[in-house]
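2 protein chains.
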Amino acid sequence: MYSGRTAKVLRENKIKTGDRVLVESRGRKYEGILMPGTRGRDPSNVIVKLDNGYNVGVKLEKITKLKSGEKIVFKPSDIKSEKSKKPHVSILGCGGTIASRVEYRTGAVFPAFSPGDMLLSFPELKDIARISGRKVFDLLSEDMSPSHWKIIAKQTAKEINGRAEGVVLMHGTDTMHYTSAALSFMLQELPVPVVLVGAQRSSDRGSSDNAVNLVSSVLAAAQSDIAEVSVCMHAGMSDDYCHLNPGTRVRKMHTSRRDAFRSIDSKPFACVDFNGKKIEYLRDDYRKRGRGRVVPDTKINDNVALLYAYPGIKPSVIKSVGRDHDGLVIAGTGLGHVPTNPFGDRHAKSILPEIESLIKSGVPVAVAPQTIYGRLNMNVYTAGRMLKESGVIGDGCDWTPECALVKMMFVLGHTKTMEKIKKMMLTNYAGEISERSLPQTFLS
Amino acid sequence: MYSGRTAKVLRENKIKTGDRVLVESRGRKYEGILMPGTRGRDPSNVIVKLDNGYNVGVKLEKITKLKSGEKIVFKPSDIKSEKSKKPHVSILGCGGTIASRVEYRTGAVFPAFSPGDMLLSFPELKDIARISGRKVFDLLSEDMSPSHWKIIAKQTAKEINGRAEGVVLMHGTDTMHYTSAALSFMLQELPVPVVLVGAQRSSDRGSSDNAVNLVSSVLAAAQSDIAEVSVCMHAGMSDDYCHLNPGTRVRKMHTSRRDAFRSIDSKPFACVDFNGKKIEYLRDDYRKRGRGRVVPDTKINDNVALLYAYPGIKPSVIKSVGRDHDGLVIAGTGLGHVPTNPFGDRHAKSILPEIESLIKSGVPVAVAPQTIYGRLNMNVYTAGRMLKESGVIGDGCDWTPECALVKMMFVLGHTKTMEKIKKMMLTNYAGEISERSLPQTFLS
Numbered sequence: 200m201y202s203g204r205t206a207k208v209l210r211e212n213k214i215k216t217g218d219r220v221l222v223e224s225r226g227r228k229y230e231g232i233l234m235p236g237t238r239g240r241d242p243s244n245v246i247v248k249l250d251n252g253y254n255v256g257v258k259l260e261k262i263t264k265l266k267s268g269e270k271i272v273f274k275p276s277d278i279k280s281e282k283s284k285k286p287h288v289s290i291l292g293c294g295g296t297i298a299s300r301v302e303y304r305t306g307a308v309f310p311a312f313s314p315g316d317m318l319l320s321f322p323e324l325k326d327i328a329r330i331s332g333r334k335v336f337d338l339l340s341e342d343m344s345p346s347h348w349k350i351i352a353k354q355t356a357k358e359i360n361g362r363a364e365g366v367v368l369m370h371g372t373d374t375m376h377y378t379s380a381a382l383s384f385m386l387q388e389l390p391v392p393v394v395l396v397g398a399q400r401s402s403d404r405g406s407s408d409n410a411v412n413l414v415s416s417v418l419a420a421a422q423s424d425i426a427e428v429s430v431c432m433h434a435g436m437s438d439d440y441c442h443l444n445p446g447t448r449v450r451k452m453h454t455s456r457r458d459a460f461r462s463i464d465s466k467p468f469a470c471v472d473f474n475g476k477k478i479e480y481l482r483d484d485y486r487k488r489g490r491g492r493v494v495p496d497t498k499i500n501d502n503v504a505l506l507y508a509y510p511g512i513k514p515s516v517i518k519s520v521g522r523d524h525d526g527l528v529i530a531g532t533g534l535g536h537v538p539t540n541p542f543g544d545r546h547a548k549s550i551l552p553e554i555e556s557l558i559k560s561g562v563p564v565a566v567a568p569q570t571i572y573g574r575l576n577m578n579v580y581t582a583g584r585m586l587k588e589s590g591v592i593g594d595g596c597d598w599t600p601e602c603a604l605v606k607m608m609f610v611l612g613h614t615k616t617m618e619k620i621k622k623m624m625l626t627n628y629a630g631e632i633s634e635r636s637l638p639q640t641f642l643s
Numbered sequence: 200m201y202s203g204r205t206a207k208v209l210r211e212n213k214i215k216t217g218d219r220v221l222v223e224s225r226g227r228k229y230e231g232i233l234m235p236g237t238r239g240r241d242p243s244n245v246i247v248k249l250d251n252g253y254n255v256g257v258k259l260e261k262i263t264k265l266k267s268g269e270k271i272v273f274k275p276s277d278i279k280s281e282k283s284k285k286p287h288v289s290i291l292g293c294g295g296t297i298a299s300r301v302e303y304r305t306g307a308v309f310p311a312f313s314p315g316d317m318l319l320s321f322p323e324l325k326d327i328a329r330i331s332g333r334k335v336f337d338l339l340s341e342d343m344s345p346s347h348w349k350i351i352a353k354q355t356a357k358e359i360n361g362r363a364e365g366v367v368l369m370h371g372t373d374t375m376h377y378t379s380a381a382l383s384f385m386l387q388e389l390p391v392p393v394v395l396v397g398a399q400r401s402s403d404r405g406s407s408d409n410a411v412n413l414v415s416s417v418l419a420a421a422q423s424d425i426a427e428v429s430v431c432m433h434a435g436m437s438d439d440y441c442h443l444n445p446g447t448r449v450r451k452m453h454t455s456r457r458d459a460f461r462s463i464d465s466k467p468f469a470c471v472d473f474n475g476k477k478i479e480y481l482r483d484d485y486r487k488r489g490r491g492r493v494v495p496d497t498k499i500n501d502n503v504a505l506l507y508a509y510p511g512i513k514p515s516v517i518k519s520v521g522r523d524h525d526g527l528v529i530a531g532t533g534l535g536h537v538p539t540n541p542f543g544d545r546h547a548k549s550i551l552p553e554i555e556s557l558i559k560s561g562v563p564v565a566v567a568p569q570t571i572y573g574r575l576n577m578n579v580y581t582a583g584r585m586l587k588e589s590g591v592i593g594d595g596c597d598w599t600p601e602c603a604l605v606k607m608m609f610v611l612g613h614t615k616t617m618e619k620i621k622k623m624m625l626t627n628y629a630g631e632i633s634e635r636s637l638p639q640t641f642l643s
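In the order they appear, the protein sequences are chains A and B. Letter by letter, the first sequence follows residues 200 to 643 in the numbering used here. Letter by letter, the second sequence follows residues 200 to 643 in the numbering used here.
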């Protein structure tokens with residue numbers, strides 16, 4: 200899968216993926232197995248699996264074959280749509296554990312999705328939908344950036360406008376809830392479901408959740424009438440059900456559990472019964488499936504920072520980070536507080552002057568709850584009132600810190616006027632600000 | 200309660216708390232009701248309740264009485280210990296909603312604790328223990344700083360070494376879990392229970408939780424044999440039970456609910472049955488009540504920052520915050536990841552070089568899970584291995600971001616050697632790193 204000059208160099212040296220090679224680059228030597236190159240990576244780089252298990256991307260300067268290896272099979276997709284009345288679901292691969300294969304000879308887990316592979320692994324997908332698909336890129340979740348959100352939004356829209364009746368996005372889990380929030384803002388007024396799906400355990404582990412999650416996500420994309428961005432992941436510890444969580448309200452709440460993804464202060468849209476192969480709706484207040492095109496709105500400004508408020512936070516943190524960014528979201532304590540020291544305690548340090556001067560200089564500042572759950576109320580205590588008075592945005596909102604960050608990036612892509620920013624931030628576009636809190640949704 | 204020159208100026212002008220005054224200070228005028236001054240505040244400040252409801256602390260330069268008001272009664276404590284066999288529990292007031300009184304004439308909620316007030320409000324406390332107590336300070340929770348933790352630790356030790364058989368600390372809820380973590384490290388090998396307690400709703404609200412929480416905390420301090428730092432707050436939505444949550448594992452998980460405090464990846468020590476006035480133990484692996492003194496270890500270095508990793512985080516955030524601090528904790532994604540971009544994706548930005556250069560310059564960097572729940576495992580994915588290899592601390596730990604921050608402050612108070620820092624960080628001192636994960640503790 201290497202192209203251009205890199206492919207030429209490999210051909211000339213009779214080097215194939217799987218060979219043991221020595222790459223010399225920028226004065227350093229890298230010895231290991233040549234791994235397949237994939238789209239979305241720098242084409243002048245080759246991927247080498249070092250003996251310590253790392254895969255490194257190295258600028259190709261000089262390469263020597265040390266020993267021939269087995270060929271690593273890595274087929275791109277060319278599944279043709281079947282002639283059937285089943286709905287057409289497009290699967291786009293964005294990387295992550297779910298789209299990973301274990302290369303058993305080297306023991307590496309690497310993203311290597313093709314719809315052909317998926318149909319081979321999960322033949323039941325054919326009974327649910329006509330599957331087409333392709334790989335957009337194959338990134339580790341933690342490397343996903345706002346630039347990638349734009350690409351995913353555009354590629355998703357392309358599938359929908361090309362008549363896909365549902366889109367499944369295979370994505371790494373670490374930052375899936377940031378991406379789902381971004382897509383919720385970028386792909387408003389959807390005609391069909393857009394379902395993000397991932398796996399907490401790779402497919403070589405007995406406890407892998409990739410089969411249940413993937414099949415459930417295709418079921419949701421094909422059958423459900425939920426024309427919203429959602430995240431489909433295990434609902435509990437067993438392999439029976441997945442939840443379809445709203446894109447702006449979902450959060451990864453555990454490092455490793457299969458049921459790590461939870462709707463925050465909200466019910467999931469639906470439960471997907473994996474065994475019964477059907478959708479059980481839990482709500483009715485979502486956008487229904489319809490016809491029409493979607494116009495992706497990918498105008499964002501990614502120069503926004505997310506900071507945590509904590510005891511002893513130095514005012515310089517707000518100042519130095521704030522002046523480098525066009526917007527700031529602070530995960531405040533309790534109902535939306537930061538150190539303000541209204542009574543002049545001699546040990547306490549207020550960060551309010553720095554926040555005020557940021558806002559005065561045109562940098563919007565929003566607050567989100569570091570408690571994760573619950574709604575901000577900046578009218579109860581002095582600290583909240585002082586923050587609100589200074590122009591900090593967030594009173595009455597129940598957004599997560601992650602969603603508030605993504606929303607501010609989206610808003611700053613659309614306006615630079617402080618009044619407009621404030622108005623847009625406080626407008627509910629995609630379920631990120633709910634009208635009322637549901638007591639039964641706490642920690643459930 | 201004003202003292203020194205401030206008291207003299209007030210006396211000379213025949214001004215009493217409750218009077219309507221005009222204060223001129225630093226070229227600005229403040230008109231409102233003169234509120235009581237309290238210990239722990241800058242003695243040269245007066246507190247004025249403005250007509251908009253704010254309480255402001257103003258440096259006293261010139262003050263004029265506009266109108267006499269009713270005297271605001273504000274008695275300091277002088278409860279004498281009763282002659283009885285009941286255990287002696289010392290209540291220390293540190294501020295927060297639980298120690299707040301509503302001043303009905305002005306409508307202000309302000310911290311105003313004295314044990315006399317508490318016994319007046321909750322006569323059942325007399326049946327549980329001989330209560331003594333005093334106010335240490337009366338801070339809003341969000342203004343609590345590492346300097347205050349030291350004062351609280353020393354004052355708590357003073358009570359214990361003065362024969363208190365249990366200590367209750369009334370504290371604001373926003374940052375109570377930071378303080379409980381700090382006290383867990385500073386007050387190791389406790390002979391008696393130290394129980395932090397707060398209220399989510401002030402006492403003027405029908406739904407206030409202050410009675411149940413306070414009485415339960417005194418019960419726990421007097422009767423339980425749990426010689427640990429714990430947080431006593433509502434266990435559920437009803438007024439029947441409180442949980443005693445471990446000081447290093449507790450977290451405020453909701454902005455406003457009375458049952459916001461949860462043990463993370465851990466069971467609470469015990470349940471306090473408010474109606475039955477008894478303790479129901481949920482675990483047995485805690486330090487038991489004994490005899491002896493406690494030596495507070497308040498050596499900390501509060502120059503540590505907590506940052507969030509998120510898609511698109513600029514390397515400059517790590518750099519600018521890192522170089523201003525002696526230690527850094529990053530709330531990483533998933534199993535403990537940050538953007539590392541091992542395959543040279545053209546959109547992704549790695550923050551690994553900045554982390555590496557911080558560590559090389561002697562600034563320790565630790566990771567904690569932004570998922571809140573779950574254990575870090577930096578061996579599964581490339582990003583984790585690269586971070587671990589660079590010297591980042593945290594692999595295998597299940598600490599919360601807040602506890603990791605406090606722990607690094609404590610550790611840096613004891614050593615400056617990177618190897619020693621690493622060793623201390625990875626040593627379990629107070630339950631902050633658990634040996635095994637309990638599945639049933641997720642979101643419960």
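Ideal Cβ positions, reconstructed from N, Cα and C, are used throughout, including at glycine. All of these numbers come straight from a predicted model, not from anything done at the bench.
Practice task
Give the C-beta separation of A/A530 and B/Y507 to the nearest angstrom, bearing in mind that I take them to be a contact with Cβ-Cβ under 8 Å.
Solution key: For this step, residue 530 of chain A is matched to residue 331 along the first sequence. For this step, residue 507 of chain B is matched to residue 308 along the second sequence. A/A530 to B/Y507, Cβ: 7 Å. Contact.
Practice task
Answer yes or no: does any C-beta atom of chain B fall closer than 7 Å to that of A/D523?
Solution key: Numbered from its first residue, the first sequence carries residue 523 of chain A at position 324. It does: the Cβ of A/D523 has a partner Cβ on chain B nearer than 7 Å.
Problem - Inter-residue spacing [alpha-carbon to alpha-carbon] between A/D544 and B/K258 - result: Sequence index remark: in the first sequence, residue 544 of chain A carries index 345 (1-based). Sequence index remark: in the second sequence, residue 258 of chain B carries index 59 (1-based). Separation of A/D544 and B/K258 (C-alpha to C-alpha, rounded to the nearest whole angstrom) is 12 Å.
Problem - Interface partners of B/L534 on chain A, CB under 7 Å - result: For the purposes of this step, residue 534 of chain B is taken as residue 335 along the second sequence, with counting starting at 1. Ordered by position in chain A, the residues that pass the 7 Å Cβ test against B/L534 are T454, S455.
Problem - Buried versus exposed, by CB contacts within 10 Å (16 or more), A/R584 - result: Residue numbering aside, residue 584 of chain A sits at position 385 when the first sequence is read from its first letter. Buried is the call here.
Exercise for the section: Leaving aside the five residues before and after A/E260 along the sequence, list all residues of the same chain whose C-beta is less than 8 Å from its C-beta, in chain order. Expected result: In the first sequence, the residue the question calls residue 260 of chain A occupies position 61. These residues qualify, in order along the chain: V222, E223, S224, R225.
Practice task
Note the first and the last residue of the continuous beta strand (DSSP E) segment covering B/N244.
Solution key: Taking the first residue of the second sequence as 1, we reach residue 244 of chain B at position 45. Run containing B/N244: 244-249, per the beta strand (DSSP E) assignment.
Handout entry: DSSP beta-bridge partners of A/T263
Key = Within the first sequence, the letter at position 64 stands for residue 263 of chain A. Bridge partners of A/T263: A/L221.
Exercise for the section: Taking C-beta pairs closer than 9 Å, name the residues in chain B that A/S346 reaches, listed in chain order. Expected result: Residue mapping note: residue 346 of chain A aligns to position 147 of the first sequence, counting from 1. Residues of chain B whose Cβ lies closer than 9 Å to the Cβ of A/S346 are, in chain order, G511, R545, H546, A547.
Practice task
Kindly indicate if chain B contains any beta-carbon less than 7 Å away from that of A/F609.
Solution key: Position 410 of the first sequence, counting from 1, holds the residue named residue 609 of chain A. Interface with chain B (7 Å Cβ-Cβ cutoff): A/F609 is excluded.
Problem - DSSP three-state assignment for A/K270, whether helix, strand or coil - result: Position 71 of the first sequence, counting from 1, holds the residue named residue 270 of chain A. Per-residue confidence for A/K270 stands at a pLDDT of 49, beneath the threshold of 50, marking its modelled position as unreliable; no derived number is given.
Problem - Endpoints, the beta strand (DSSP E) within which B/Y507 is located - result: In the second sequence, residue 507 of chain B corresponds to position 308, counting from 1. B/Y507: member of the beta strand (DSSP E) spanning 503-507, first to last residue.
Problem - Coil, strand or helix - B/L557 by DSSP - result: Here residue 557 of chain B refers to the residue found at position 358 of the second sequence. For B/L557, the secondary structure class from DSSP, reduced to helix, strand or coil, is helix.
Exercise for the section: Please say whether B/K357 and B/A153 have beta carbons closer to each other than 7 Å? Expected result: In this structure chain B extends from 200 to 643, so residue 153 of chain B is not present and cannot be described.
Problem - First and last residue of the uninterrupted beta strand (DSSP E) at A/C441 - result: Here residue 441 of chain A refers to the residue found at position 242 of the first sequence. Per DSSP, A/C441 is one residue of the beta strand (DSSP E) stretching across 440-445.
Handout entry: Continuous alpha helix (DSSP H) assignments of at least 4 residues falling wholly in the region 318-391 of chain B
Key = Taking only runs of at least 4 residues, the alpha helix (DSSP H) segments lying wholly in the region 318-391 of chain B are 324-327, 345-360, 375-385.
Practice task
Measure the CB-CB distance between B/V494 and B/A420 and report whether it falls below 7 Å.
Solution key: As a first step, residue 494 of chain B must be located in the second sequence, where it is residue number 295. As a first step, residue 420 of chain B must be located in the second sequence, where it is residue number 221. Against a cut-off of 7 Å, the Cβ pair of B/A420 and B/V494 comes out as no contact.
Exercise for the section: Tell me, please, whether the CB atom of B/L604 is closer than 7 Å to any CB atom in chain A? Expected result: Here residue 604 of chain B refers to the residue found at position 405 when the second sequence is read from its first residue. B/L604 counts as touching chain A.
Exercise for the section: For B/G268, collect the residues of the same chain with a Cβ closer than 7 Å to its Cβ; drop the 5 residues on either side in sequence, then sort them by chain order. Expected result: As a first step, residue 268 of chain B is located in the second sequence; it is residue number 69 there, counting from the start. Cβ within range, chain order: G217, D218, R219, I232.
Practice task
May I have the straight-line CA-CA distance separating B/R522 from A/S519, to the nearest angstrom?
Solution key: Translated into the one-based positions of the second sequence, residue 522 of chain B becomes position 323. Translated into the one-based positions of the first sequence, residue 519 of chain A becomes position 320. Pairing B/R522 with A/S519, the inter-Cα distance amounts to about 11 Å.
Exercise for the section: Anything in chain B within Cβ reach of A/Y377, meaning under 8 Å, just list it in chain order. Expected result: As a position in the first sequence, residue 377 of chain A is number 178, starting the count at 1. By Cβ distance, chain B contributes Y509, P510.
Practice task
Mind checking the region 351-385 of chain B against chain A and listing, in chain order, the residues whose C-beta falls within less than 9 Å of any C-beta there?
Solution key: Legend: CB atoms of the region 351-385 of chain B lying less than 9 Å from CB atoms of chain A belong to residues G371, T372, D373, T374, Y377, T378, A381.
Practice task
Check the Cβ-Cβ distances between B/D439 and every residue of chain A, and say whether any is below 7 Å.
Solution key: To locate residue 439 of chain B, count along the second sequence from 1; it is residue 240. Taking Cβ atoms only, chain A never reaches closer than 7 Å to B/D439, which makes this a no.
Problem - Under 7 Å between C-beta atoms of B/H546 and A/S344 - result: Here residue 546 of chain B corresponds to residue number 347 of the second sequence, with the count starting at 1. Here residue 344 of chain A corresponds to residue number 145 of the first sequence, with the count starting at 1. Yes, Cβ-Cβ distance for B/H546 and A/S344 is below 7 Å.
Practice task
Measure the CB-CB distance between A/S515 and A/R574 and report whether it falls below 7 Å.
Solution key: For the purposes of this step, residue 515 of chain A is taken as the residue at position 316 of the first sequence. For the purposes of this step, residue 574 of chain A is taken as the residue at position 375 of the first sequence. Taking C-beta atoms as the reference points, A/S515 and A/R574 fail to come closer than 7 Å.
Practice task
Look at A/S202 and A/P242 and say whether their C-beta atoms are less than 7 Å apart.
Solution key: For the purposes of this step, residue 202 of chain A is taken as residue 3 along the first sequence, with counting starting at 1. For the purposes of this step, residue 242 of chain A is taken as residue 43 along the first sequence, with counting starting at 1. For A/S202 and A/P242, yes; Cβs fall inside 7 Å.
Practice task
Determine the DSSP secondary structure at A/T652, reduced to helix, strand or coil.
Solution key: The requested residue 652 of chain A is not part of the displayed model; chain A covers only 200 to 643.
Exercise for the section: Verify the CB distance criterion: does B/G397 have a CB-CB separation below 7 Å to chain A? Expected result: The residue labelled residue 397 of chain B in the question sits at position 198 within the second sequence. Chain A, which has no Cβ nearer than 7 Å to the Cβ of B/G397, makes this no.
Exercise for the section: Just confirm the distance between the C-beta atoms of A/G332 and A/S289, as a whole number of angstroms; I'd bet it's less than 8 Å. Expected result: Residue mapping note: residue 332 of chain A aligns to position 133 of the first sequence, counting from 1. Residue mapping note: residue 289 of chain A aligns to position 90 of the first sequence, counting from 1. Their Cβ separation, rounded to whole angstroms, is 6 Å, which keeps A/G332 and A/S289 in contact under 8 Å.
Exercise for the section: Go through its chain and collect everything with a Cβ distance to B/S416's Cβ below 7 Å, but skip five positions before and after it. Expected result: Position 217 of the second sequence, counting from 1, holds the residue named residue 416 of chain B. If we look at B/S416 and ignore the five residues flanking it on each side, its Cβ neighbours are V367, V394, V396, C431.
Problem - Under the three-state DSSP convention, the category A/A459 falls into - result: Looking up residue 459 of chain A in the first sequence gives position 260. Annotated three-state conformation of A/A459 is coil, per DSSP.
Problem - Residue closest to A/L339, alpha-carbon to alpha-carbon, out of B/V208, B/M608, B/T532 - result: Taking the first residue of the first sequence as 1, we reach residue 339 of chain A at position 140. For A/L339, the nearest C-alpha among the options comes from B/T532.
Practice task
Using a Cβ cut-off of 8 Å, pull out every chain A residue sitting near B/A629, in sequence order please.
Solution key: If you number the second sequence from 1, residue 629 of chain B lands on position 430. Those do not exist, as B/A629 stays about 17 Å from chain A at its closest Cβ, beyond 8 Å.
Practice task
Would you give the residue range spanned by the alpha helix (DSSP H) that B/V393 belongs to?
Solution key: Walking along the second sequence from the start, residue 393 of chain B turns up at place 194. No alpha helix (DSSP H) holds B/V393; the beta strand (DSSP E) holding it covers 393-396.
Exercise for the section: Report yes or no: do three or more beta-carbon pairs, one from the region 599-614 of chain A and one from the region 423-443 of chain A, lie closer than 8 Å? Expected result: Because the criterion of three Cβ pairs below 8 Å is not met, the region 599-614 of chain A and the region 423-443 of chain A do not touch.
Handout entry: Identified DSSP bridge partners for A/M432
Key = In the first sequence, counting from the first residue as 1, residue 432 of chain A sits at position 233. Answer is A/H442.
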